[in-house]
Structure formats: C-alpha cells, structure tokens
C-alpha cells in the first residue's frame, strides 16, 4: 500500500512484463502486481509502467518516478502531487 510522503505517495510494484495489456492484477502484502505489455528491453517496461500509473492516478508522466529497482521486477515508485489515500483508491479501481 502507498506510504505517505511530503512530495507525494510511494508505492511498491512487482512488474510482470510481456502481458497482453497493461493492468493491475492484484495486491500482495502491500505490493501492487502490474502487468505491462512492453518487454524489459532498453527501459520500455519501465516507461510503460510509469505511463500506466500516471494515467490511472491522473497525474503527468513526469510526476511518476521509479526511485528504486530500475533494473528489478520489484520497484519503488514515487507519485508526486497526490496523497497515499487517493493513490490507493485510484489504483484499486484501475
């Protein structure tokens, strides 16, 4: 689940690349499991993940930043401009 932060909300994500479409497939112990259609080649899966989260939460792509796990399937993502309650609600309905 999202943690509160002065500049926004921080979430943990497990990325599943190569999915049929971009979608949240569940939450396991506070970690969002998100399928992305892109493959993990030259940052394409990370870019797709950031675009998907930005669209789902209603912020600009530049407000979504991977702060840890750039080359891992488990990532920490900072979403600026929204609080953790809003992120949880919006991602739960995405």
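Residue numbers (this note's numbering): -7 to 86.
Note that the Cβ used here is the ideal one computed from N, Cα and C, for glycine as well.
For residue 46, the uninterrupted alpha helix (DSSP H) run begins and ends at 36 to 49, by DSSP.
Beta-bridge analysis with DSSP links residue 12 to no other residue. Distance from the Cα of residue 34 is smallest, within the candidate group 9, 49, 15, 54, for 9. The alpha-carbon of residue 76 is positioned some 7 Å away from that of residue 0. Nearest C-alpha to residue 46 among 74, 12, 7: 74. At the C-beta level, residue 22 and residue 42 stay beyond 8 Å of one another.
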